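S.K.: Protein chains in written order, with this note's numbering: chain A, 55 to 229; chain B, 5 to 321.
Where a beta carbon is used, it is the ideal one built from N, C-alpha and C, also for glycine.
Predicted model, so just to flag it, every value in this text is computed and none were measured.
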């Protein structure tokens, strides 16, 4: 057990919840890709909770699972961006093109345009729901209320949008 | 793709959708699904990646249609590359000062890893970009800056009638008379205020950051964490100093990487160690890291273009 966990004085509400839910969280972390390092990630979570300002949290268990999910996501992202930075660095040191910036912007604009038309092709409701959910960060229940439709139709529209965008990404990745 | 694979992909996307919802609570159900088949995790990661890619792409959408002018005439169209090239050239003064041309289209300004660059804005505000940074400015709205990645220090001429706004993805930072530093590293955002104040996410849940406040958010949707920073040390990278108060070495490594121009790979638990103190950035990467190593309690070793960072084996921890 990490050293910090034995310092009783520092254990506050959320850390107590970590202790109580330890096995559930570990099981989640293991399955979520931490494998043998699940204990390390849990310790990381423990420390982050300790440095967070104390404020009331409505659903502490869900809060911790989400924090654990975010940690795993960040770990993977930093692994990927490490690889990418390495590659970028390599590209920068071998740069010969005259105008890579203009070209990148052109490609980015073109891709955005294609993504916009992919979304638009799903119809205004699905496109609107995707934007509301992912870009404005509005929950599904609130969107369903706004539009006066059922929760499951919101979810179906989101599935349509995610599916179409995944196909588009696969196409760009292959280019 | 087999039918089974596409079923897994579909299920994975559904989990990705559900988990994005702040109200999601079925973590045990998600765990059980992940445990059922090792392919599920990979499919879920792929779904998240696609989601993030799409979200980033749409977040780069201009707020308003980019051109209110009539459809570009053929001549303008032909010159598009040249215009972009000139705009880029206007700010690419090596290590010096640069002024944006008001008539150019929205520009991306990039710094190479290890490069510092100062951009002066027409209103007297300026921003200093650290290495490995990308920002977008539309000269039509020069007081709205999008930080796409990296780190920048903003020195703002306050004007109550013309708010100065920095956007980091979907997050808005509103200046209230200020010198402030913003870091965007992947999904994480770090805002530190040296002078004046900054409003994080103006609106009902806004947070006012005063001089010496630092806000860190690991992930959009994550709860922002506030801590105290030394106002004198904020933006210290400009003058070749990095100051920390109980920072994870993971973060220190990312800051060093931006400044020396080489990626740094932490391993062996080094990323979880913590550091309080000041690092000096003078000299070559070898010299900087040779000085930093003993202070951080780690060893740096070159590995191709990358440096690795591992804990010292004399058991500091």
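For residue 204 of chain A, does the count of other Cβ atoms within 10 angstroms reach 16, so buried, or fall short, so exposed?
M.R.: Numbered from its first residue, the first chain carries residue 204 of chain A at position 150. Residue 204 of chain A should be labelled exposed.
S.K.: Tell me, which residues are paired with residue 32 of chain B by DSSP?
M.R.: Numbered from 1 along the second chain, position 28 holds the residue referred to as residue 32 of chain B. Beta-bridge pairing links residue 32 of chain B to no other residue.
S.K.: In chain A, what lies closer than 7 angstroms to residue 38 of chain B by C-beta?
M.R.: Here residue 38 of chain B corresponds to residue number 34 of the second chain, with the count starting at 1. Near residue 38 of chain B (Cβ distances below 7 angstroms), the residues of chain A are 85 and 86.
S.K.: For the stretch 195-220 of chain A, enumerate the residues whose C-beta is nearer than 8 angstroms to any C-beta of chain B, in chain order.
M.R.: Per Cβ criterion, the list reads 195, 209, 212, 213, 216, 217, 219 and 220.
S.K.: When the Cα of residue 256 of chain B is compared with those of B:186, B:156, B:313 and B:23, which residue comes out closest?
M.R.: Position 252 of the second chain, counted from the first residue, corresponds to residue 256 of chain B. Per the Cα distances, B:313.
S.K.: Since I believe residue 131 of chain A is in contact with residue 191 of chain B (beta carbons under 8 angstroms), could you give me their beta-carbon distance rounded to a whole number of angstroms?
M.R.: Your numbering for residue 191 of chain B matches position 187 in the second chain. Your numbering for residue 131 of chain A matches position 77 in the first chain. Indeed, because the Cβ distance is near 7 angstroms, the residues count as touching under 8 angstroms.
S.K.: Going by beta carbon distance, what residues of the same chain come within less than 7 angstroms of residue 240 of chain B, once the five residues before and after it are set aside?
M.R.: Position 236 of the second chain, counted from the first residue, corresponds to residue 240 of chain B. Only 246 and 247 meet the Cβ criterion.
S.K.: Applying a beta-carbon distance threshold of less than 7 angstroms, which residues of chain B neighbour residue 74 of chain A?
M.R.: Along the first chain, one-based indexing puts residue 74 of chain A at 20. Within chain B, no residue comes near residue 74 of chain A; the closest Cβ sits about 14 angstroms away, beyond 7 angstroms.
S.K.: Which residue's Cα is closest to the Cα of residue 286 of chain B: B:263, B:279, B:59 and B:17?
M.R.: Within the second chain, numbered from 1, the residue matching residue 286 of chain B stands at position 282. The option with the nearest alpha carbon to residue 286 of chain B is B:263.
S.K.: In the DSSP output, which residue or residues are listed as bridge partners for residue 156 of chain B?
M.R.: Residue numbering aside, residue 156 of chain B sits at position 152 when the second chain is read from its first letter. B:133 and B:186, per the DSSP bridge assignment.
S.K.: Exposed or buried, which one is residue 115 of chain B when buried takes at least 16 other CB atoms within 10 Å?
M.R.: Taking the first residue of the second chain as position 1, residue 115 of chain B is located at position 111. Answer is buried; the Cβ neighbour count reaches 16.
S.K.: Using only alpha-carbon positions, find the residue among B:271, B:265 and B:42 that is nearest to residue 290 of chain B.
M.R.: On the second chain, position 286 is the one that residue 290 of chain B refers to. Ranking the options by Cα distance to residue 290 of chain B, first place goes to B:265.
S.K.: Beta-carbon separation of residue 184 of chain A and residue 173 of chain A under 8 angstroms?
M.R.: In the first chain, the residue the question calls residue 184 of chain A occupies position 130. In the first chain, the residue the question calls residue 173 of chain A occupies position 119. Yes, the pair counts as a contact, with Cβ atoms nearer than the cut-off.
S.K.: Which residues in chain B sit within 9 angstroms of residue 189 of chain A, going by Cβ to Cβ distance?
M.R.: Here residue 189 of chain A is taken as the residue at index 135 of the first chain, counted from 1. Near residue 189 of chain A (Cβ distances below 9 angstroms), the residues of chain B are 59, 62, 63, 65 and 174.
S.K.: For the alpha helix (DSSP H) that contains residue 227 of chain B, what are its first and last residues?
M.R.: Residue 227 of chain B sits at position 223 when you count from the first residue of the second chain. Unbroken run through residue 227 of chain B: none, as it is neither H nor E.
S.K.: Residue 233 of chain B and residue 254 of chain B - do their beta-carbons sit closer together than 8 angstroms?
M.R.: Locating residue 254 of chain B in the second chain gives position 250, where the first residue counts as 1. Locating residue 233 of chain B in the second chain gives position 229, where the first residue counts as 1. No, they are not a contact pair.
S.K.: Quick check: the stretch 90-105 of chain A against the stretch 14-27 of chain B, are at least 3 beta-carbon pairs closer than 8 angstroms?
M.R.: No, the stretch 14-27 of chain B does not touch the stretch 90-105 of chain A.
S.K.: With 8 angstroms as the threshold, decide whether the Cβ of residue 151 of chain A is near any Cβ in chain B.
M.R.: As a working note, residue 151 of chain A is residue 97 in the first chain. Note that residue 151 of chain A scores 48 on pLDDT, short of 50, meaning its location in the model is unreliable and no value can be drawn from it.
S.K.: With a CB to CB cut of under 6 angstroms and the five nearest residues on each side skipped, what residues in its chain are close to residue 51 of chain B?
M.R.: Numbered from 1 along the second chain, position 47 holds the residue referred to as residue 51 of chain B. Closer than 6 angstroms at the Cβ level, and outside the excluded window around residue 51 of chain B, lie 16, 17 and 20.
S.K.: Using 8 angstroms as the cut-off, can you tell me whether the stretch 271-285 of chain B makes contact with the stretch 195-212 of chain B, which would need three or more C-beta pairs spanning the two stretches below that distance?
M.R.: Segments in contact, no.
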